[in-house]
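Residue numbers (our numbering): 2 to 122. Down below is the structure, laid out as structure tokens.
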């Protein structure tokens, strides 16, 4: 199948799905990530010059979008990179911290969590 025919097949499928009344998932947010000239100290304090240049993301919402209510508390991140590392600083508001998991490698998404998925390509 050529690229154009593959594209047309996907377009037809997308149009068919949109006419069946199936809710469409919004496209994921996209952000630019700046580089930093010097390594950052991992201490939870964002006082290095690199962090000042990094912009906060929009406030996070549920992965299912409008199907779920807006989160009560704010979560957002800043990201930077250097020649060795990819840095993520998360600001998460939550007055009631708790956990029930007590074993290694339990399926984490069943509870409130913060996950980062990286596609190296």
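Heads up, the beta-carbon is just placed ideally off N, CA and C, and yes, glycines get one too. Values in this document were obtained by computation on a predicted structure and should not be read as measured data.
With which residues is residue 50 paired in a DSSP beta bridge?
-> Answer is none; residue 50 lacks a bridge partner.
Outcome for residue 88 when other beta-carbon atoms lying within 10 angstroms are tallied against a minimum of 16 = Buried: at least 16 other Cβ atoms inside 10 Å.
Whole-angstrom distance between residue 113 and residue 93, CA atom to CA atom | Residue 93 and residue 113: Cα-Cα distance of roughly 12 angstroms.
For residue 110, which three-state DSSP category applies?
-> In the displayed model, residue 110 falls within a helix according to three-state DSSP.
By how many angstroms is the C-alpha of residue 38 removed from the C-alpha of residue 84?
-> Spanning the two alpha carbons is a distance of roughly 9 angstroms.
Do the CB positions of residue 79 and residue 55 come within less than 9 angstroms of each other?
-> Taking 9 angstroms as the Cβ cut-off, residue 79 and residue 55 qualify as a contacting pair.
Nonlocal neighbours in the same chain, by C-beta distance under 8 angstroms from residue 91, ignoring five residues either side = Answer for residue 91: 76, 77, 78 and 115, listed in chain order.
From which residue to which residue does the beta strand (DSSP E) around residue 82 run?
-> Here the beta strand (DSSP E) through residue 82 covers 76–82.
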